[in-house]
Amino acid sequence: MSKDDQTNPEVDSANPEPEAVVDAVEPEATEPAAELSEVDSLKAQLEAAQQELADTKEQALRTVADAQNTQRRAEAEVDKARKFALEKFASELLVVSDNLERAIDAADQENEALKPLLEGVELTQKSLIAALEKFKVEQVDPSGEPFDPQLHQAMSMVENPDVEPNTVIHVMQKGYTLNGRLLRPAMVMVSKAASTSVDEQA
């Protein structure tokens with residue numbers, strides 16, 4: 001056997017096979033990858049937890065807002081009921097006030113014998129109006145004012161050159177409001193523009 005064919009044990013032991021070297025290095029290379037995978041997993045869990053927290057906070061805010069809106073609506077309904085609970089009762093009293101006013105208008109003002117009775121009726125009518133005003137029932141007496149369809153009911157229209165068109169020239173029956181809301185419109189007579197004659201048009 002030649003020297004070249006002989007194997008040197010020392011050289012062989014100092015130089016292991018290349019495959020062995022690769023095998024020894026591979027476990028070290030996989031450790032960073034495993035750590036990265038774990039970090040990504042923790043990140044995903046953190047993001048999921050943050051999203052869940054945000055959703056919970058949003059739901060809590062919505063719940064609080066809904067509760068506040070419900071409370072406000074309930075308070076508004078109670079306030080409305082309190083303000084307008086007297087609506088029907090007040091409407092009935094208006095009929096009494098109207099009758100007293102008609103009696104005063106129809107009475108003979110010159111009859112001395114009726115004057116004490118007339119004064120008593122006037123006092124009663126004023127007391128009734130004052131009592132209604134305490135509960136925010138107020139008169140609508142628009143004589144001389146522009147016609148307002150929100151507050152007035154036009155019973156007739158009459159030509160009147162002395163006033164602007166659509167002016168209330170006579171109140172047939174006073175109107176009333178309750179806490180600012182119309183309880184009964186005032187029945188009125190309204191002025192209109194004078195019609196132009198055929199000769200004037202020609």
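Per full-length UniProt numbering, residue 1 is the first one in the sequence shown, and the count goes up by one each step.
All residues carry an ideal CB built from backbone N, CA and C; glycine is no exception.
| Check | Outcome |
| --- | --- |
| With 16 other Cβ atoms within 10 Å as the buried cut-off, status of residue 116 | exposed |
| Residue(s) in a DSSP beta bridge with residue 175 | 140 |
| Rounded separation between residue 176 and residue 60 - CA only | 47 Å |
| Limits of the unbroken alpha helix (DSSP H) element including residue 131 | 115-134 |
| Distance between residue 186 and residue 173 (C-alpha atoms, nearest Å) | 6 Å |
| Inter-residue CB distance, residue 103 and residue 121 (contact presumed, cutoff 8 Å) | 6 Å |
| Check whether residue 192 and residue 157 have beta carbons under 8 Å apart | yes |
| Whole-angstrom distance between residue 160 and residue 146, CA atom to CA atom | 14 Å |
| Span separating the alpha-carbon of residue 85 from that of residue 91 | 11 Å |
| Option in 93, 139, 111 with minimal Cα separation from residue 182 | 139 |
| Buried versus exposed call for residue 46 [16 or more other C-beta atoms within 10 Å across all chains shown] | exposed |
| CB of residue 142 within 8 Å of CB of residue 171, strictly | yes |
| Residue 102 CB to nearest heavy atom of the ligand HEM below 7 Å | The model on display carries no ligand, and the ligand HEM is accordingly not part of it. |
| Whole-angstrom distance between residue 178 and residue 82, CA atom to CA atom | 12 Å |
| Residues of its chain near residue 167, where Cβ-Cβ distance is below 8 Å and the 5 sequence neighbours each way are ignored | 144, 145, 146, 147, 160, 190, 191 |
| Local Cβ density within 10 Å of residue 53, reported as buried at 16 or more and exposed below that | exposed |
| Limits of the alpha helix (DSSP H) - the one that residue 96 falls within | 87-106 |
| Proximity below 8 Å, CB of residue 128 to CB of residue 96 | yes |
| Residue 62 burial status per 10 Å Cβ neighbour count (16 or more: buried) | exposed |
| Strand pairing of residue 78, partner residues [DSSP] | None, per the DSSP bridge assignment. |
| Three-state secondary structure (DSSP) of residue 110 | coil |
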